[in-house]
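Peer 1:
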Amino acid sequence: MATSNLNCRGCGADLSTVLADLGPAPLANAFIDDVDAVETFYPLRAYVCARCFLVQLPEIASPSALFNDSYAYFSSVSAGFVEHARRFAGNAARAFELGPESRVLEVGANDGYLLQHFQALGMQVLGVDPSANVAAVAANRGIMMTTAFFGSKLAESLPKADLIVANNVLAHVPDLHDFIEGLAIALADGGHISLEFPHALQMLFETQFDTIYHEHYSYMSLIALLPLLKYHGLEAVDVETLPTHGGSLRVTVRHDYDCGDDNSAAVETAIAGELAFGLNKLETYYAFAGRVTRAKVAALEFLGRHVGKVGGYGAPAKANTFLNYCGIKPDLLPWTVDGTPFKQGKFTPGSRIPIYNEKYAALEQPEYLMILAWNWRNEIAARARSLGFKGQFVVALPHCVVL
Ligand code: DWN
């Protein structure tokens, strides 16, 4: 067990229990234009707090180094995610009785993949996102956007919202307290907040170590989140499990009117699930690092046995943790493809694997396509087939398997 001078970004306790040390890595979304580019590598070491069990990274890279005018992730490239957002908008409008006078605020609105649906339903929408290039795509869709980091200061300046959505955002926030305080400030009386985040339980259970990268300052569980909400006068009233991003939670939150300790049945059930899994015991976390090493060995073993026969599909941020931690370079994976125009023609950071247009996989026809965006395995397999790829698919996590 390593020691450090760190404090938990949730409860402030000393932070010294290492969950996984993934070695030095470049920033996961820092795709490079030039194969000979000089890159900066930062330590990638995840910790778990022994008091509140929040999994987290120290703030190695500042938010403005990560989220700026050249952010590489555009939510709308994944059609399944847009459909997920469309369904959510319809259901939320009904459940929260939103009408034309209702205000919907999305924090981390990205390219407008979600707010476009609320806008189509006639609501007044506002998106906040610090990445100017993706925010510009949303603005081009006619969505009102503010290019900024969200927190209590910005919240003071915004009109109160009846629904605040923050999907896949918590992980990206170094100052969780200020962010959650901002949510409490920006929420109208009687309004709701909907938070989606990849569930730390699934990360541990499915050995999703590749979701650890500098952009993700924390990896959330309900038992870590509830005290944070309570501290800022908020309470969770509902919890759902979702298949997105490898297994997520959607937590519905509102102002804590009675300041009591009673939880809804859904919240109690979700807490019980986390405790049964052992999220409140350090031993559960100790087992992770060994599984990470075994996943690396299995992936290298597969690629080593199939040199010249495997291409990649997807250049997600998570692939860059996977490739760099495993030491996979073009000798083992000569190329990958991705539907994001911003990534095509670039190289993966660190591993320097070229990224081509999705059609390249069918032109090359390797025996196997390793789906690096394993969370979209079904959608990607269908897309690759529709583009004419005839070989087999393989995913490396949680175990290296041919699908
Ligand atoms: O938290 C984060 C999550 C939610 O999204 C981030 N920090 C950044 C991003 O993580 P990621 O890059 O690992 O996300 P995805 O959604 O797994 O990325 C999928 C990649 O695969 C994208 O580059 C788009 C690409 N893709 C494709 O080329 N064809 C995806 C699909 C479904 C396809 O059919």
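All residue numbers for the sequence shown refer to the working numbering, where the first residue is 41 and numbers rise by one.
Heads up, the beta-carbon is just placed ideally off N, CA and C, and yes, glycines get one too.
Bear in mind that the values here come from a model prediction, so they are computed numbers and not experimental data.
1. Between which two residues does the alpha helix (DSSP H) holding Met243 run?
2. Ordered along the chain, which non-local residues of its own chain (more than five positions away) have a Cβ less than 6 Å from that of Thr317?
3. Mind checking which residues open and close the beta strand (DSSP E) that includes Arg290?
4. Identify, in the order they occur along the chain, each residue of the same chain with its Cβ nearer than 8 Å to the Cβ of Asp73, setting aside the five sequence neighbours on each side.
5. Mind checking Val307: buried by the 16 CB within 10 Å criterion, or exposed?
6. Relative to the C-alpha of Leu235, which residue among Val377, Ala132, Tyr365 and Phe382 is closest?
7. Report the three-state DSSP secondary structure of Met41 (helix, strand or coil).
8. For Met41, count neighbouring Cβ atoms within 10 angstroms of its own Cβ and tell me buried if that reaches 16, exposed if not.
9. Please confirm whether any heavy atom of the ligand DWN lies closer than 7 Å to the CB of Arg294.
10. Mind checking which residues open and close the beta strand (DSSP E) that includes Asn208?
11. Exposed or buried, Pro238, counting other C-beta atoms within 10 Å across all chains shown (16 or more means buried)?
12. Under three-state DSSP, which class holds Ala355?
13. Based on Cα-Cα distance, which residue from Asp301, Phe328 and Ala129 lies nearest to Ala60?
14. Whose CA, out of Gly313, Val277, Ser118 and Asn207, lies closest to the CA of Cys299?
15. Indicate, with yes or no, if the ligand DWN has a heavy atom lying under 7 Å from the CB of Ser118.
16. Could you give the distance in angstroms between the alpha-carbon of Leu55 and the alpha-carbon of Glu146?
17. Suppose contacts are defined by Cβ-Cβ distances below 8 Å. Is Thr57 in contact with Tyr325 by that definition?
18. Would you mind giving the Cβ-Cβ distance between Leu106 and Glu314, rounded to the nearest angstrom? I have them listed as a contact below 8 Å.
19. Can you give me the C-alpha to C-alpha distance between Phe136 and Tyr153, rounded to a whole angstrom?
20. If you run the structure through DSSP and keep just helix, strand and coil, what is Val75?
21. Taking contact to mean 3 or more Cβ pairs, one atom from each stretch, closer than 8 Å, check whether the segment 410-428 and the segment 341-355 are in contact.
22. Suppose contacts are defined by Cβ-Cβ distances below 8 Å. Is Ser261 in contact with Leu210 by that definition?
23. Could you tell me how far apart the beta carbons of Arg85 and Cys51 are, in whole angstroms, since I believe they sit closer than 8 Å?
24. Apply the 10 Å Cβ neighbour rule to Met184 and answer buried if 16 or more other Cβ atoms are within range, or exposed otherwise.
25. Can you tell me whether Ala125 is buried or exposed? The criterion is at least 16 other CB atoms within 10 Å of its CB, across all chains shown.
26. Can you confirm whether the segment 149-164 touches the segment 177-191 when touching is taken to mean that 3 or more C-beta pairs between the two stretches lie within less than 8 Å?
27. Do you know offhand how far Thr333's Cα is from Pro214's?
28. Buried or exposed: Pro389, going by 16 or more other Cβ atoms within 10 Å of its Cβ?
29. Indicate whether the contact test is met: 3 or more Cβ pairs, each with one atom in the segment 282-291 and one in the segment 363-371, closer than 8 Å.
30. Run the proximity test for Lys399: is its beta-carbon closer than 7 Å to any non-hydrogen atom belonging to the ligand DWN?
31. Let me know the alpha helix (DSSP H) ranges lying completely inside the segment 155-185, each 4 residues or longer, listed in chain order.
32. Are the beta-carbon atoms belonging to Gln158 and Val144 less than 8 Å from one another?
33. Closer than 6 Å by C-beta to Cys440: which residues in its own chain qualify, once you throw out the five before and the five after it? Chain order, please.
34. Please report the straight-line C-alpha distance between Asp378 and Gln432, rounded to a whole angstrom.
35. Within 7 Å: the Cβ of Arg126 and any heavy atom of the ligand DWN?
Peer 2: The answer reads as follows:
1. Ala240 to Phe245
2. Residue identity check: residue 317 is Phe in the sequence provided, not Thr. Leu241.
3. Ser288 to His295
4. Gly385, Lys386 and Phe387
5. buried
6. Ala132
7. Caution applies to Met41, whose pLDDT of 44 falls short of 50 and renders its modelled position unreliable; the model cannot decide the point.
8. Only weak support is given to the placement of Met41: the predicted model assigns it a pLDDT of 44, under 50, and the question is left unresolved by the model.
9. no
10. Element bounds for Asn208: n/a, residue is neither H nor E.
11. buried
12. coil
13. Phe328
14. Val277
15. yes
16. 32 Å
17. yes
18. Not a contact, Cβ separation roughly 28 Å.
19. 20 Å
20. coil
21. yes
22. no
23. No, Arg85 and Cys51 are not in contact; Cβ-Cβ is about 19 Å, not under 8 Å.
24. exposed
25. buried
26. yes
27. 28 Å
28. buried
29. no
30. no
31. 155-160 and 172-180
32. A small fix is needed here, since residue 158 is Phe in this sequence, not Gln. Yes; because the gap between Cβ atoms is below 8 Å, this pair is in contact.
33. Ala338, Ala339 and Phe342
34. 18 Å
35. no
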